[in-house]
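Engineer: These protein sequence lines are chains S and B, in that order. Using my numbering, read the first sequence as starting at 21 and increasing by one per residue. Using my numbering, read the second sequence as starting at 20 and increasing by one per residue. Okay, handing you the structure first.
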Amino acid sequence: KNEVEQSPQNLTAQEGEFITINCSYSVGISALHWLQQHPGGGIVSLFMLSSGKKKHGRLIATINIQEKHSSLHITASHPRDSAVYICAVRGKETSGSRLTFGEGTQLTVNP
Amino acid sequence: NAGVMQNPRHLVRRRGQEARLRCSPMKGHSHVYWYRQLPEEGLKFMVYLQKENIIDESGMPKERFSAEFPKEGPSILRIQQVVRGDSAAYFCASSPWTANTGELFFGEGSRLTVL
Chain S
21 KNEVEQSPQN LTAQEGEFIT INCSYSVGIS ALHWLQQHPG GGIVSLFMLS
71 SGKKKHGRLI ATINIQEKHS SLHITASHPR DSAVYICAVR GKETSGSRLT
121 FGEGTQLTVN P
Chain B
20 NAGVMQNPRH LVRRRGQEAR LRCSPMKGHS HVYWYRQLPE EGLKFMVYLQ
70 KENIIDESGM PKERFSAEFP KEGPSILRIQ QVVRGDSAAY FCASSPWTAN
120 TGELFFGEGS RLTVL
């Protein structure tokens, strides 16, 4: 079992829909990151969380440390949101330097 | 304030050649991380460096791979005697002063193709 599990693996939505991507992890962490990767492109850090909730524009990220679970929500989705969304955790037990990544969620938003 | 700069963006090598990938962190960042993304796979940690020091290389293959972050100049990931299985996207990320709490900033990646 991977240390970081994401669901769903693939998600197709219609423009305007509310989207949720889930991330569960099995280790103690010091921080959790949500990343976005466009095809053939670089990686953009969307959020870094250690507790609670963060919001940036149409994106909202939440984390529940006790349940070892985080969610990324996209409100009023748009075709330009189509990308791979990756959850990554920074473990407490490591040197604090390395991230462990989920396999990613491929999101396609159709017009 | 330029972001994390990686070059080359694309590199083609024949088996047995050497590949050198460069990463210039964001200004003021002294922590550099290298990650590898194999085709159809997720990202994997390779190595974490601070200026002139390797802090954690637990993700590096034991042979043919090395990394450095000299006092002056970019961080370099070096792959000797490349094989087809080294074909991947290699991402560099940098963070400011403290690794435990610092935001990570990623480069665009270097895509290595081994023929």
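For every residue, glycine included, the Cβ atom is placed at its ideal position computed from N, Cα and C.
Under 9 Å between C-beta atoms, does T82 of chain S make it to chain B?
Structural biologist: Your numbering for residue 82 of chain S matches position 62 in the first sequence. It does not; no Cβ of chain B falls within 9 Å.
Engineer: Find the residues of chain B that neighbour R118 of chain S, judging by a C-beta separation of less than 8 Å, and give them in chain order.
Structural biologist: Residue numbering aside, residue 118 of chain S sits at position 98 when the first sequence is read from its first letter. Those are Y52, F64, Y67, D75, S77 and G78, listed as they occur along chain B.
Engineer: Closer than 7 Å by beta-carbon distance: list the chain S residues that pair up with E71 of chain B, in chain order.
Structural biologist: Along the second sequence, one-based indexing puts residue 71 of chain B at 52. Residues of chain S passing the Cβ test: none, with the nearest at roughly 16 Å.
Engineer: Output, in sequence order along the chain, the residues in the segment 52-77 of chain S whose CB is closer than 9 Å to any CB in chain B.
Structural biologist: If the cut-off is 9 Å between Cβ atoms, the segment 52-77 of chain S has H53, L55, Q57, G60, G61, G62, I63, V64, S65, M68 and S70 near chain B.
Engineer: Using a beta-carbon distance below 9 Å, is L19 of chain B in contact with chain S?
Structural biologist: Examination of residue 19 of chain B is not possible in this model, given that chain B is present from 20 through 134 alone.
Engineer: Any idea if G124 of chain S is buried or exposed, counting beta-carbon neighbours within 10 angstroms, 16 or more meaning buried?
Structural biologist: The residue given as residue 124 of chain S occupies position 104 in the first sequence. Answer is buried; the Cβ neighbour count reaches 16.
Engineer: Can you check which of these residues, S:P59, S:K73 and S:G60, is closest to H11 of chain S by C-alpha distance?
Structural biologist: There is no way to answer for residue 11 of chain S, as the model of chain S reaches only from 21 to 131.
Engineer: Excluding the five sequence neighbours on either side, which residues of its own chain have a C-beta within less than 7 Å of the C-beta of V102 of chain B, listed in chain order?
Structural biologist: Looking up residue 102 of chain B in the second sequence gives position 83. Counting only Cβ-Cβ distances below 7 Å, and skipping sequence neighbours, we find R34 and V133.
Engineer: Answer with yes or no whether the minimum CB distance from E127 of chain B to chain S is below 9 Å.
Structural biologist: Along the second sequence, one-based indexing puts residue 127 of chain B at 108. So yes, E127 of chain B belongs to the interface.
Engineer: Does DSSP classify G35 of chain B as helix, strand or coil?
Structural biologist: Sequence index remark: in the second sequence, residue 35 of chain B carries index 16 (1-based). Correct three-state label for G35 of chain B: coil.
Engineer: If we require 3 or more residues per run, which beta strand (DSSP E) segments fall completely within the segment 82-121 of chain B?
Structural biologist: Segments of the beta strand (DSSP E) lying fully in the segment 82-121 of chain B: 84-87, 94-98 and 107-114.
Engineer: Of all the beta strand (DSSP E) runs that stay within the bounds of the segment 35-67 of chain S, which reach a length of 3 or more residues?
Structural biologist: Correct list: 39-45 and 49-57.
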